[in-house]
Structures are given as C-alpha cells and as structure tokens.
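In the working numbering, the protein residues as written are 2 to 444.
Glycine residues also receive a C-beta, built at the ideal position from the N, C-alpha and C atoms.
Predicted model, so just to flag it, every value in this text is computed and none were measured.
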C-alpha cells in the first residue's frame, strides 16, 4: 500500500501544480515567455517601480547623507542610479528580446551546466535579501509596538510568501498598491521634516558630527549594491515586457526614478532632523517618524504601510530566488516560493537584518562581474549566440578576476567603489580572454 501511495504522490503533486498554474498563470521557468503571454507596459512598470521605492531605500539614503553630507550624497545617488539604469536596462533588454529568465540567459554565457553557479549564487543571495527585509519588518514592528519579534517576522514572511505564490501578477498588484502609498506618505514625511529646519540647512548638511566620513567610492558602492543582485537578474521581470521599449520604460521607472525618490526621502529626513548619532532604523526613518507623531490613525496607517511596502521588495526577491532555483532543480516557481520562503523566515528570525551594511559590501564584490560578463558576451563578443557548451571557462575566469580586484579594493583602496571595480574588471577581463581564446566573433 505504501509503495502505491509513494508512486501516486508525485503525479498528484504535478496535477496540483498544473491546476495552480492554470488558475494563476504559467511562470515559464524553463522556456521563453511567448508573445501571447507578455504583459502590458504598465504592468511591467508597476512590477519594477514597486521594487526599489521602499523604506529600505529611504534608510540607505539616510546612511549616505549621514556619512557623506547631503550634497555629496545626492551626487552619489544620481551617478549610482544612472549606472544602474544602463546596467539593468541592457540586461533587461536581453530578457525582453529573448523572453528568457536570468537562469536561461546565464546558460548561454556560463554554459548549460555552468550557469548553476551564477544563477544559484544570485538566487541564494536574493533569498538572503528576502530574509534581511523580512527581518527589518519584524524588527521595526516589534521595537515600535513592543510586540514579539519572532511572531511579527513569521507573520510578515507568510504574507510575503503568499504574494510571491501568485506570481508576476502578484508583483504587479503589490506594486500598484505600494507605490502610491509611498509617494503620498514619502512626500508628507520629507516635507514635514524639512519644515523644521528649512531647505538651506538641508542642502548644507555636512554629515554626522559636522564631518563626512564616507568617500564617494563607498557611497557609489552602497547605491549600486542595494539592487545589484536583483538588477542582474532583471531578465526575470523584463522577459514579460511586450517589446524592448516597454522594457526600458519599466527599468527607468525603477532607476533612477523610484530608487532615487526613496533615497531622497530618507536623506532629506536625516539632514532636516540632524539627529545626533542618527539611526536609520530608529525615529528618523519614515515608519518611525509617522509613529512619533503619536496619532492613532497615523500609527495604524504606518503599520499597514510597512507590511505593504516591504512586502513588495520581499516578494520580488523571493520571486527571483524561486525562479532561479526552480530552473536549477527542474521544478516549479510556486513550490520553491513556499520552500525558500520558509527557509528565509527562519534566517530572518536570527536577526540577520543587523548585518545590512556588510550584506551590501558582499553584493558589491560578488555580483557586478556576472552582469558585466553577460553584457560583454551578448552585446560585444558573441552577439545573438545560443547555448553551445556545458562549461565556458572564460566566463568563470573573468568572474574570478572581477571579484578578486573588488576584494582588493574593499580592503586596501576603500575610497574607491568595489561594485564599479568588480564590474569593469570582470567585463574587461572577459573581453580580453575571449579575444585570446578566439571566441570573440567581433575581433
């Protein structure tokens, strides 16, 4: 009897998954998104805009202004976001053109077996990012309302799994709700805070204790690293775009528009309040500021806003992680959304969010070479190529070169940008190695 059940269970599971896909829509984990399944420009734009317009982006802006002063931080935000526009836009264009998710795209560049390392790393890092953001949700709620951290984190994680389970349609819905809320509340919070000191004082804010302690290179790394992992797997989202124009519009809505707007909200608040020993996770963030007004209705709105807003970024990260691992293990995105989401909740419960800055540094070292190598391969070296090998050693060697240089920069040249160094060296190394090995079709 038990053997019969074991034989039937996989078939039943497959049937359940097929019924869910039929009801919610196919996610095309293992094949290109067909033209008939592509989504509107508005839908893909909402998916992207809802990703970086988040409280965590405002916290990052606060960290930058605190460390660099307002004027230098603003420059870093603008330059970093423009770099992200072209980096993410070009990768997203490949996704829209081919209809491929990142794992399938990486198979062309790293090999039909080699892609597992690139896709697996990024999917795991994005799972970690999901855990960090879920942990931040629990931490902010528990510290503000004196509720149990673990319980609040589990509730947040469960809600975010539910959004991800719906698929790309769920990302569209949460983005459509989150973006207007952030725009309205962000403008009010920043404007109200600015009224306490005036814009002249904000623009002249020199940084914590009256001195800048963060270099431009580090500031650029912070801006870029915040979304470099998700930006590298942009094909997961842009493959749904109807055409390349829609892909670029969606990318622009995120970088620079949404990401810069979020960072400016936090940066303006920090400069306006000029809190000694400012803490982006304390009262000088959007959530803390709203609760500090001691208005019941505003505190309730802040509570709901936090879950909706961070639910957007968490669902996006979990979607990327589940898409990648489902491709690697030949399974379904929705099944892995549940499995990985549960793992992420456990990780979040261990206060992993406290390593926020260290996390950004790690991303700045490991991730940029991957995207740079794909761009050089698909736009310069082997334009229009398809999967033609199990392993492509030049891609891995170039990746190692980029990350090694970034590691050196991180430790010995801290005033430079690890993220930019990693990407430039990784891409250049790949081009040179491809030329030397005779794989450069344009040489």
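message = Only counting the same chain, and skipping five residues up and downstream in sequence, which positions put a Cβ closer than 7 Å to that of residue 95?
response = Within the chain shown, numbered from 1, the residue matching residue 95 stands at position 94. Within the same chain, residue 95 has close Cβ partners 106, 236, 379.
request  = Let me know if residue 431 comes out buried or exposed under the rule of 16 or more other beta-carbons within 10 Å of its beta-carbon.
outcome  = For this step, residue 431 is matched to residue 430 along the chain shown. Its Cβ being crowded by 16 or more others within 10 Å, residue 431 is buried.
message = On the DSSP bridge list, what partners appear for residue 59?
response = Within the chain shown, residue 59 is the residue found at index 58, counting from 1. DSSP lists no partner for residue 59.
query = Quick one: what does DSSP say residue 195 is sitting in, helix, strand or coil?
reply = Position 194 of the chain shown, counting from 1, holds the residue named residue 195. Helix, per DSSP.
inquiry  = Rounding to the nearest angstrom, what Cα-Cα distance links residue 262 and residue 253 in this structure?
reply    = Sequence index remark: in the chain shown, residue 262 carries index 261 (1-based). Sequence index remark: in the chain shown, residue 253 carries index 252 (1-based). The alpha-carbon atoms of residue 262 and residue 253 are separated by roughly 12 Å.
query = Nearest to residue 48 by alpha carbon, out of 257, 172, 427?
reply = Locating residue 48 in the chain shown gives position 47, counting from the first residue. When only C-alpha atoms are compared, the closest one is 172.
key: Per-residue DSSP class, three states only, for residue 170   = As a working mapping, residue 170 is identified with position 169 in the chain shown. Reduced to three states, the DSSP call for residue 170 is helix.
task = For my contact list, residue 145 and residue 289 are in at a C-beta cut-off of 8 Å; report their separation, rounded to the angstrom.
result = Locating residue 145 in the chain shown gives position 144, where the first residue counts as 1. Locating residue 289 in the chain shown gives position 288, where the first residue counts as 1. Contact holds; Cβ gap of about 7 Å.
message = Which same chain residues end up closer than 6 Å to residue 526 when comparing Cβ atoms and leaving out the 5 residues on each side of it in sequence?
response = Outside the shown range of the chain, which is 2 to 444, sits residue 526, and nothing can be said about it.
key: Anticipated Cβ contact below 8 Å, residue 110 with residue 393, distance rounded   = Within the chain shown, the letter at position 109 stands for residue 110. Within the chain shown, the letter at position 392 stands for residue 393. Sure, about 7 Å apart at Cβ, within 8 Å.
task = Taking 8 Å as the threshold, find out whether the segment 401-416 comes into contact with the segment 363-371 through three or more Cβ pairs.
result = yes
query = Which partner residues does residue 328 have in the DSSP bridge list?
reply = The residue you call residue 328 lines up with position 327 of the chain shown. Answer by DSSP bridge pairing: none, since residue 328 is not bridged.
inquiry  = Quick check on the DSSP output: the alpha helix (DSSP H) that includes residue 103 runs from which residue to which?
reply    = Counting from 1 along the chain shown, the entry for residue 103 is found at position 102. That run of the alpha helix (DSSP H) goes 103-111.
ask   = Quick one, which of 155, 231, 203 has its alpha-carbon nearest residue 120's?
value = As a position in the chain shown, residue 120 is number 119, starting the count at 1. With distances taken between Cα atoms, residue 120 lies closest to 231.
ask   = Which one of 423, 433, 347 has the shortest CA to CA distance from residue 151?
value = Locating residue 151 in the chain shown gives position 150, counting from the first residue. Taking only the C-alpha atoms, the option nearest residue 151 is 347.
key: Cβ shell of residue 259 (< 6 Å), same chain only, five flanking positions each side left out   = Counting from 1 along the chain shown, the entry for residue 259 is found at position 258. Once the five neighbours on either side are set aside, the close Cβ partners of residue 259 are 50, 53, 54.
key: Close beta carbons around residue 168, own chain, < 8 Å, minus the five adjacent residues each side   = Position 167 of the chain shown, counting from 1, holds the residue named residue 168. For residue 168, where only same-chain residues beyond five positions count, the Cβ hits under 8 Å are 25, 26, 28, 320, 334, 335.
key: Whole-angstrom distance between residue 301 and residue 376, CA atom to CA atom   = To locate residue 376, count along the chain shown from 1; it is residue 375. To locate residue 301, count along the chain shown from 1; it is residue 300. If you take the alpha carbons of residue 376 and residue 301, they lie about 45 Å apart.
ask   = Could you give the distance in angstroms between the alpha-carbon of residue 38 and the alpha-carbon of residue 315?
value = Indexing the chain shown from 1 puts residue 38 at position 37. Indexing the chain shown from 1 puts residue 315 at position 314. When rounded, the distance between both Cα atoms is 24 Å.
task = In the DSSP assignment, find the unbroken alpha helix (DSSP H) run with residue 214 in it and report its ends.
result = The residue you call residue 214 lines up with position 213 of the chain shown. Premise fails: residue 214 is in no alpha helix (DSSP H) and is neither H nor E.
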